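What follows is a set of notes on a single structure, which appears directly below.
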Amino acid sequence: MSPKTNYSLDPAAAVNRTRRTLLQALPLLVAAPYSMAQGSSTPIAVSKLHSFQIRVADVARSVKFYQDLFGSPIQSRQGETICLRIGAGPHFFSIAPLGAGEQPRISQIGLSVANFDVDDVIAQLRQHGISRGEVPTTGQDPLSMAMRYWINERGQSVGGSSDGSRDLYFADIEGIHYQLSAQDHCGGGGDLGNICSNVEAAPGEGLFRLLDLSHFTTFLANRDRANEFITSTFGKEFQAYQGPGSPVIGVGDGVQFLMYVGGSQAGQPAQAGRIDHTCFSMQGFDVDTVLTRLTDYGLSARQDPANTQPLMHWVSMRMPNRGGAEGGSPELYFSDPDGIRMQLQDPGYCGGGGYLGDSCPPLA
Numbered sequence: 001m002s003p004k005t006n007y008s009l010d011p012a013a014a015v016n017r018t019r020r021t022l023l024q025a026l027p028l029l030v031a032a033p034y035s036m037a038q039g040s041s042t043p044i045a046v047s048k049l050h051s052f053q054i055r056v057a058d059v060a061r062s063v064k065f066y067q068d069l070f071g072s073p074i075q076s077r078q079g080e081t082i083c084l085r086i087g088a089g090p091h092f093f094s095i096a097p098l099g100a101g102e103q104p105r106i107s108q109i110g111l112s113v114a115n116f117d118v119d120d121v122i123a124q125l126r127q128h129g130i131s132r133g134e135v136p137t138t139g140q141d142p143l144s145m146a147m148r149y150w151i152n153e154r155g156q157s158v159g160g161s162s163d164g165s166r167d168l169y170f171a172d173i174e175g176i177h178y179q180l181s182a183q184d185h186c187g188g189g190g191d192l193g194n195i196c197s198n199v200e201a202a203p204g205e206g207l208f209r210l211l212d213l214s215h216f217t218t219f220l221a222n223r224d225r226a227n228e229f230i231t232s233t234f235g236k237e238f239q240a241y242q243g244p245g246s247p248v249i250g251v252g253d254g255v256q257f258l259m260y261v262g263g264s265q266a267g268q269p270a271q272a273g274r275i276d277h278t279c280f281s282m283q284g285f286d287v288d289t290v291l292t293r294l295t296d297y298g299l300s301a302r303q304d305p306a307n308t309q310p311l312m313h314w315v316s317m318r319m320p321n322r323g324g325a326e327g328g329s330p331e332l333y334f335s336d337p338d339g340i341r342m343q344l345q346d347p348g349y350c351g352g353g354g355y356l357g358d359s360c361p362p363l364a
């Protein structure tokens, strides 16, 4: 039998002791719902990478930049936010204005779900330890939304339906925001945001033809925890490794993936994670051609990896120690007018080996 703890009769001391105990337990309380839910939960049937959002200083400037590069039509409008189509659609990326105190960034990852039903998916999120929260306010600490879901009901003033288009979001334990949607979600009207009847053509064809989304890379305090959470919540598996302990999570088509990099900090994170970059797949990927066109458009070659400014381009050679080819698999990046990082790759790029990174044989 354990001896009884002899608590002080001093009320202030008792309050302080209780406060310390609660603070020490917070990391466990945050992780507990997720870990307790694993035995009885069913995976959410995520089918593809579907969308993402960037927050920028000047929406019109960014829309012009991306339309100049990709010839992407405006698929829908959500008030001040503009949704640009990727490839044949309905996949898209939205360009939203910065709120007070915000920095330019990739603010969310969108995933489509087979046979999507808002209420059914909410029930599954709850099985995975994610509870209901309120719609975040501008500038709110992302960690305050950790392991919460919320519904943003978009009215007609922001491109939704008269009854409100129900956009479903959740945040993981490190505050990364995800949107879950129907496979035909286009950022428009209708209950599921799948009505986009006023597509606006781009002024020109663009320098490159986008085909689809390729992947997202996210920096976190604890990458292993994220890998476990994502594979369990969505029923996905590792598709390749970019070095020991650096797996990529296949989204289901053998090409698209999610990658989480960072440390192994246990417990509650001290700061929110960060979506580092998005990658597009493009037709006719050729490193020299892409770099030449970016340079001709006005981007400059990055000279110092520690000093990435807006409107730069660079190539990173992923070597065999990171799962690349002998001599390196070229990975091509650029920064937009706000310094947000983007990547362009071949349609077959799966995060694996080979010169184009398109070799992802089944893992043993």
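Numbering (the working numbering), first residue to last: 1 to 364. Backbone N, C-alpha and C fix where the C-beta goes; we use that ideal spot for every residue, glycine too. Nothing here was measured: the structure is a model prediction, and the numbers come from that model.
Where residue i and residue j are concerned, what is the direct C-alpha to C-alpha distance, given to the nearest angstrom?
i, j, result
"Asn369", "Ser165", "The structure shown does not extend to residue 369, since the chain is modelled only from 1 to 364, so the question has no answer here."
"Leu220", "Gln309", "23 Å"
"Arg105", "Arg318", "25 Å"
"Arg302", "Ile249", "29 Å"
"Asp325", "Gly353", "In the sequence under discussion, the amino acid at residue 325 is Ala, which differs from the Asp named in the question. Cα to Cα, Ala325 sits roughly 5 Å from Gly353."
"Glu102", "Arg55", "8 Å"
"Trp150", "Pro73", "29 Å"
"Ala270", "Asn222", "11 Å"
"Asn198", "Thr218", "33 Å"
"Leu332", "Glu80", "30 Å"
"Leu26", "Ser51", "Low per-residue confidence applies at Leu26: pLDDT is 39, beneath 50, and the placement is therefore not dependable enough to give any value."
"Gly160", "Leu192", "9 Å"
"Met147", "Val261", "19 Å"
"Pro203", "Arg132", "42 Å"
"Ala88", "Leu210", "9 Å"
"Arg77", "Pro90", "14 Å"
"Asp338", "Ala57", "7 Å"
"Val255", "Asp358", "8 Å"
"Phe366", "Ala100", "In the structure displayed, the chain extends from 1 to 364; residue 366 sits before or after that span and is not available."
"Leu28", "Gly298", "Low confidence applies to Leu28: its pLDDT is 41, below 50, so where it sits in the model is not reliable, and the reading given next is rough at best. Using only the alpha carbons, I get a separation of about 50 Å."
"Ser162", "Cys196", "15 Å"
"Ile275", "Ser107", "7 Å"
"Ser368", "Asp304", "For the chain, the structure presents residues 1 to 364; residue 368 sits outside this window and is missing."
"Asp288", "Pro362", "31 Å"
"Glu134", "Asp286", "45 Å"
"Gln283", "Ala201", "20 Å"
"Gln265", "Val121", "30 Å"
"Arg85", "Asp224", "33 Å"
"Thr137", "Ile82", "20 Å"
Taking Cβ to Cβ, would you say residue i is nearer than 9 Å to residue j?
i, j, result
"Asp346", "Leu207", "no"
"Phe229", "Gly351", "no"
"Asp172", "Gly263", "no"
"Thr278", "His177", "no"
"Leu344", "Leu213", "no"
"Gln75", "Gly175", "no"
"Asp336", "Tyr66", "yes"
"Ser329", "Leu311", "no"
"Gln156", "Gly189", "yes"
"Gln124", "Ala96", "no"
"Arg341", "Ser246", "no"
"Tyr349", "Ser281", "yes"
Per DSSP, which one or two residues make a beta bridge with residue i?
i, result
"Ile95", "Ile54 and Ile82"
"Gly189", "Ile195"
"Leu180", "Leu111 and Leu168"
"Phe152", "It should be pointed out that residue 152 corresponds to Asn in this sequence rather than to Phe. According to DSSP, Asn152 bridges with Asp167."
"Ile275", "Thr218"
"Phe257", "His215 and Gly250"
"Phe234", "None, per the DSSP bridge assignment."
"Gly351", "For Gly351, which the question treats as bridged, DSSP gives no partner whatsoever."
"Arg132", "Tyr149"
"Tyr241", "Pro247"
"Leu49", "Leu111"
Can you determine whether any heavy atom of the ligand HEM sits closer than 8 Å to the C-beta of residue i, and answer yes or no?
i, result
"Ala226", "The ligand HEM is not among the ligands present in this structure, which contains no ligands whatsoever."
Taking 9 Å as the CB-CB limit, is residue i close to chain D?
i, result
"Gly188", "Structure shown: chain D not included; a single protein chain is present."
ask   = Given 8 Å as the limit, is there contact between the region 134–143 and the region 236–247, that is, 3 or more CB pairs closer than that?
value = By the Cβ criterion, the region 134–143 is not in contact with the region 236–247, since fewer than three pairs of Cβ atoms, one from each stretch, lie closer than 8 Å.
ask   = Counting Cβ pairs closer than 8 Å, one from the region 177–184 and one from the region 108–117, do we hit at least three?
value = yes
query = Does the region 42–49 come close enough to the region 223–238 to have 3 or more Cβ pairs within less than 8 Å?
reply = yes
ask   = What runs of the beta strand (DSSP E), each 3 residues or longer, lie entirely inside the region 281–338?
value = Segments of the beta strand (DSSP E) lying fully in the region 281–338: 312–318 and 329–335.
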